[in-house]
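Read in full-length UniProt numbering, the sequence shown has 146 at position 146, and its numbers run on one by one without any break. Note sheet for the following structure.
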Amino acid sequence: MRQTLKINTRTAVTVMLRSLLTGAVIVAVGFSTAPLSAQDVKVQKPVSVAPAAKLSEVFFKTVPDSLEDLQEIERQVTSLTRMAIESTVSVRVGEAQGSGVIIDNKAGYILTAAHVIGLAQKNATIILHDGRTLKGRTMGLNRGLDAGLVKLVEDNEVDISKLSAVKMGDISEIEAGEWVMATGHPNGYQSGRAPVVRLGRIVSRKKHLLQTDCTLIGGDSGGPLFNMQGQVVGIHSRIGPSTSWNFHIPVSAFQDDWEKLVSGDMWGAKPLGQNAVLGVNGEDTDRGCKVTAVTRGFPAEIAGLQADDIIIQLNDEKITGIEQLAEVVQQYKPGQTVQITFIRAGKNMTFEVQLAARD
């Protein structure tokens, strides 16, 4: 039976934005809520994107300066939230699951991450934001950039032309510091919960990689990153040393190789080496990095780190804040053991932590 999820975008956005005036980086908000072959597919370029309207300066500020700035962000995010949620899907291929986004409701194309779908020409299960389930087929994937494509099959009972679809944006216009919005299914799809929306900022932009501070965890992989005009600019690929140090595939990776993806080609090797991950969120203090959250099942929790611990040193490196901690962790490989010195209840303590890999 189809579930009916009521999405109160106004309330959810208000909760998200409360933290901006206090300087918080992000807040995660939940909303209550016949096989194809390459020869069967007509290769079409993805829908072209009209130039986006220019954003006001408020969307490039680290923190809103005034109530008027906050209200402008709230209006824009509220206008985009329903579209973002309704176009975001859960993608399941065998035992693997992640997220994706519908970018064409005529041909039924869904962008996701290559590591979510694994191989071309596999059956996929697609779960819409409201719980309806559709059949899909994995298409091409670029393992080197982690870009993957899924197509809804034609024997679905759902009229795919009525599904919400979004356009891809121009990443050449993305600037560091710009506000963005991420959606996905953290910890995998959960019945009765629509895709979760989070706000963050662009940390850096490279040719084949976007970095943001949007909070992401397992299950979000393959989900969309939106600019504040409602266009998809990236697909979640991997998480860095903390859950707010994340990497996304620019949509240009899909646009540049669209014919190969639609034709079901597989190419590119997985990037050599994986990022080491510690599994903490934190904030800067005058003494080091204060742990604000520890991710369940990750090295920090296994070693015994807790919220409110202040990390002051990793091996011989003095720690001054969360970004510097992330940079230091990335100097190591998954499986390596490091010593972390921290302050708890006024006392210095040292734990050994074996760093893990983030797929």
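Every residue, glycine too, gets a C-beta built ideally from N, C-alpha and C.
Item: Status (buried if at least 16 other CB within 10 Å, exposed otherwise) for S237; Value: buried
Item: D220 - DSSP class collapsed to helix/strand/coil; Value: coil
Item: For G335, the residue or residues it bridges with in DSSP; Value: Per DSSP, none; premise fails for G335.
Item: Span separating the alpha-carbon of F298 from that of P334; Value: 12 Å
Item: Exposure of V63, with buried meaning 16 or more beta-carbon neighbours within 10 Å; Value: exposed
Item: Reduced DSSP secondary structure (H/G/I, E/B, other) of T133; Value: strand
Item: Start and end residues, beta strand (DSSP E) containing E352; Value: K347 to Q354
Item: Coarse secondary structure for W179, derived from DSSP in three states; Value: strand
Item: Burial state of K151 (16 or more Cβ within 10 Å); Value: buried
Item: Supposed contact pair T112 and S99 - C-beta distance, whole angstroms, cut 8 Å; Value: 7 Å
Item: P250 beta carbon less than 8 Å from that of G268; Value: no
Item: Where the alpha helix (DSSP H) through Q71 begins and ends; Value: L67 to S87
Item: Beta-carbon gap between residue 415 and I322 smaller than 8 Å; Value: Residue 415 lies beyond the residue range present for the chain, which begins at 1 and ends at 359; the question has no answer from this structure.
Item: Helix, strand or coil at V29 [DSSP, three-state]; Value: With a pLDDT of 35 at V29, under the threshold of 50, the modelled position of this residue cannot be trusted; read the value that follows with caution. Note: V29 maps to strand in three-state DSSP.
Item: Nonlocal neighbours in the same chain, by C-beta distance under 6 Å from G279, ignoring five residues either side; Value: T295, F298, P299 and A300
Item: Sub-8 Å separation of A114 and G148 beta-carbons; Value: yes
Item: Close beta carbons around V232, own chain, < 8 Å, minus the five adjacent residues each side; Value: V101, I103, L111, V166, K167, M168, G169, P224, L225, F226 and V251
Item: Range of the contiguous alpha helix (DSSP H) that encloses L261; Value: W258 to V262
Item: Distance between D265 and V180 (C-alpha atoms, nearest Å); Value: 31 Å
Item: Per-residue DSSP class, three states only, for A147; Value: strand
Item: Through-space distance from P186 to L305, alpha-carbon basis; Value: 22 Å
Item: Pair within 8 Å by beta-carbon distance, G131 and S191; Value: yes
Item: Reduced DSSP secondary structure (H/G/I, E/B, other) of H185; Value: coil
Item: CA-to-CA distance, D65 to L145, given in whole angstroms; Value: 37 Å
Item: N-terminal and C-terminal residue of the alpha helix (DSSP H) that P299 is part of; Value: P299 to A303
Item: S87 classed as buried or exposed, judged by whether at least 16 other C-beta atoms fall within 10 angstroms; Value: buried
Item: In DSSP terms, what G234 is bridged to; Value: L225 and P250
Item: Reduced DSSP secondary structure (H/G/I, E/B, other) of E173; Value: helix
Item: Expected contact under 8 Å - CB spacing of N156 and D257 to nearest Å; Value: Not confirmed; about 26 Å, so no contact.
Item: Continuous alpha helix (DSSP H) stretch holding I117: start and end; Value: A114 to I117
Item: For L210, the nearest candidate out of I239, R198, G230 and H248 (CA to CA); Value: H248
Item: Supposed close pair A107, I117 - CB separation, criterion 8 Å; Value: Their Cβ separation, rounded to whole angstroms, is 17 Å, which puts A107 and I117 out of contact at 8 Å.
Item: Alpha carbon of I340 to alpha carbon of V196, nearest angstrom; Value: 32 Å
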